[in-house]
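A.B. asks:
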Amino acid sequence: MSKFWSQVVRELEPYVPGEQPQIDGLIKLNTNESPYPPSPNVINLITHDAIDRLRLYPDPNSKKLKSTIASYYDVTTDQVFVGNGSDEVLALAFMAFFQQSRPLLFPDISYSFYPVYCKLFGIEFNTVPLRDDYTINFSDYSAENGGIIFPNPNAPTAIGKSLTDIETLLQKNTESVVIVDEAYIDFGGETAIALVDKYPNLLVVQTLSKSRALAGLRVGLAIGQKDLIDALDRVKNSFNSYPLDRLAEAAAIVSFEDDAYFKEGRDKIIATREWTTKELEKLGFKVLPSQANFVFAQPLGKDAAKIAEYLREHKILVRYFNKPRINQFLRITIGTDEQMQAMVSVLKNL
Ligand SMILES: *Cc1c(COP(=O)(O)O)cnc(C)c1O
Numbered sequence: 046m047s048k049f050w051s052q053v054v055r056e057l058e059p060y061v062p063g064e065q066p067q068i069d070g071l072i073k074l075n076t077n078e079s080p081y082p083p084s085p086n087v088i089n090l091i092t093h094d095a096i097d098r099l100r101l102y103p104d105p106n107s108k109k110l111k112s113t114i115a116s117y118y119d120v121t122t123d124q125v126f127v128g129n130g131s132d133e134v135l136a137l138a139f140m141a142f143f144q145q146s147r148p149l150l151f152p153d154i155s156y157s158f159y160p161v162y163c164k165l166f167g168i169e170f171n172t173v174p175l176r177d178d179y180t181i182n183f184s185d186y187s188a189e190n191g192g193i194i195f196p197n198p199n200a201p202t203a204i205g206k207s208l209t210d211i212e213t214l215l216q217k218n219t220e221s222v223v224i225v226d227e228a229y230i231d232f233g234g235e236t237a238i239a240l241v242d243k244y245p246n247l248l249v250v251q252t253l254s255k256s257r258a259l260a261g262l263r264v265g266l267a268i269g270q271k272d273l274i275d276a277l278d279r280v281k282n283s284f285n286s287y288p289l290d291r292l293a294e295a296a297a298i299v300s301f302e303d304d305a306y307f308k309e310g311r312d313k314i315i316a317t318r319e320w321t322t323k324e325l326e327k328l329g330f331k332v333l334p335s336q337a338n339f340v341f342a343q344p345l346g347k348d349a350a351k352i353a354e355y356l357r358e359h360k361i362l363v364r365y366f367n368k369p370r371i372n373q374f375l376r377i378t379i380g381t382d383e384q385m386q387a388m389v390s391v392l393k394n395l
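In C-alpha cells form, the structure reads like this:
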C-alpha cells in the first residue's frame with residue numbers, strides 16, 4: 046500500500062479476471078472465450094487504409110455501429126449505447142442508475158464484478174440467494190430497491206430465465222432500473238430486447254466478447270428506451286468521449302453483418318456443449334442445465350479444487366471459485382470438439 050493512495054483506492058476490492066497464461070499447448074477453458082476465430086471479414090478489415098485513418102479520432106458517438114445494431118435488433122438508433130466491452134457499459138450504468146438511497150439487488154451467486162462496481166461507486170446492495178437448485182426466484186426480489194441486475198443466463202451457473210418470468214418481474218418492479226446482463230444470451234436464451242418498448246426501466250446489456258469471438262476487441266452494448274440511453278451518454282461524455290476506437294467500431298459492424306458466420310459458430314458451440322454435458326454426466330458429474338458457452342459441473346464424490354488442479358497438470362485450464370455454495374463446482378468453457386474430447390479423456394484417466 047502506498048502512502049500516495051487515496052482513501053478510496055485503499056478500500057477498493059478489484060475484480061480478478063481469469064488467468065491468461067502463456068503456456069504452449071494449453072487448452073484454455075477458463076474465461077468463456079470462443080475457441081473459433083472471429084468472422085474473416087473482421088480480419089480483412091485491417092487494411093493500410095484503416096491504419097492510415099488511425100491518425101484521426103473516431104466518431105465519439107459510434108453512429109454507424111449503433112445503426113447497424115439498431116437494424117439487427119429492430120430497435121431505433123437512439124435506443125442503442127455502445128462501450129469499451131460490456132464491463133464498461135455496466136460500470137457506466139451502475140453510475141447512471143444505481144447510486145440511489147435504496148440498495149441494489151442481485152443474486153448471491155452471480156457475476157463477481159457487480160459487488161466490485163458497488164464498492165467503487167458507493168452503492169449499497171443486498172444479495173438474494175438462489176434456490177437450492179441454483180435457479181433465480183424473482184418472487185424474492187420484491188423488497189424496495191434502487192435497482193435490480195442479473196445475468197441471463199446467470200453466470201457462473203449457466204441457467205437461464207424465461208422471458209415470461211422477466212416480464213412478470215418488470216410488471217412488479219416499476220420504480221427502479223432492471224438490467225438484464227445478456228453476455229451469454231446467444232447460446233440458447235431469449236433476449237429481453239423485445240420488452241424494451243414496453244418497459245421504460247429495462248436496460249439490456251450484451252457483449253461481442255463471447256458469441257462473436259471478439260473478447261480482445263472490447264465492444265459491449267446496451268439497449269433501452271431513449272431516456273435511459275441519454276443517461277448513459279451523459280455519464281460516458283463525462284468520462285471518455287471515445288470509448289470505441291476506429292478498428293473496434295469497424296470490426297463490430299462487420300461482425301453483425303456476417304450473420305451466417307455468427308450462427309455457424311454459435312451452433313457448433315451449442316452442439317459441443319450438449320456432447321460435453323452427456324460425457325461429464327457419464328463420468329459422474331452433476332451438470333447444471335446450460336444455456337451458455339460453458340457448463341457448471343459438480344464432480345460427485347470428488348473434490349472440485351483437486352480436479353481443477355489435476356486438469357491443470359494436464360495443461361487444461363478451467364475456472365474454480367472458492368466461494369460458499371459453489372466451491373464444489375467447476376466452470377468449464379466449451380471449446381472445440383477436439384479440446385473437449387481431450388478434456389474428457391484426461392478425466393477418464395483420473
Ligand atoms: C464476460 C461477461 C461480461 C463482460 O464482457 P466484456 O468482455 O467486458 O464485454 C459481462 N457480464 C457477464 C455476466 C460476463 O460473463
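Per my numbering, residue 46 is the first one in the sequence shown, and the count goes up by one each step. C-beta: ideal position from N, C-alpha, C; glycine also.
1. Would you report the Cα separation of VAL309 and ARG318, rounded to the nearest angstrom?
2. Considering only heavy atoms of ligand 1, list every residue whose Cβ is less than 5 Å from one of them, following chain order.
3. Counting along the chain, where does the alpha helix (DSSP H) carrying THR252 start and finish?
4. Please classify VAL87 as buried or exposed, where buried requires at least 16 other C-beta atoms within 10 Å of its C-beta.
5. Out of ASP382, THR381, LEU325, ILE274, which has the shortest C-alpha to C-alpha gap to PHE374?
6. Tell me which residues share the same chain as PRO152 and place their Cβ nearer than 7 Å to its Cβ, disregarding the 5 neighbours each side in the sequence.
7. Using only alpha-carbon positions, find the residue among ASN197, ALA260, ASP278, THR213 that is nearest to VAL250.
8. Which class does LYS360 belong to by DSSP, given the choice of helix, strand or coil?
9. Tell me the DSSP secondary structure of LEU375 in three-state form.
10. Using DSSP with H/G/I as helix, E/B as strand and the rest coil, what is PHE49?
11. Taking the DSSP output, what are the residues bridged to VAL173?
12. I need the DSSP call for LYS331, collapsed to helix, strand or coil.
13. Under a Cβ-count criterion, where at least 16 other Cβ atoms within 10 Å of its own Cβ denotes burial, should THR322 be classed as buried or exposed?
14. What would DSSP say about PHE142, mapped onto helix, strand or coil?
15. Using a Cβ-Cβ cutoff of less than 7 Å, which residues in the same chain neighbour ARG311 once the five nearest sequence positions on both sides are dropped?
16. For the segment 87-138, list the beta strand (DSSP E) runs that are entirely contained and at least 3 residues long, ordered along the chain.
17. Can you check whether the CB of SER300 is closer than 9 Å to the CB of LEU248?
C.D. replies: Let me lay it out:
1. For clarity, residue 309 is Glu in the given sequence; the question names Val instead. When rounded, the distance between both Cα atoms is 14 Å.
2. GLY130, SER131, ASP132, TYR156, PRO196, ALA200, ASP226, ALA228, THR252, SER254, GLY265
3. First-last for THR252: 247-252, but that is the beta strand (DSSP E), not the alpha helix (DSSP H).
4. buried
5. LEU325
6. THR172, VAL173, LEU175, ILE181, PHE195, ASN199
7. ASN197
8. coil
9. strand
10. coil
11. PRO152
12. strand
13. buried
14. helix
15. ASP231, PHE232, SER256
16. 125-128
17. no
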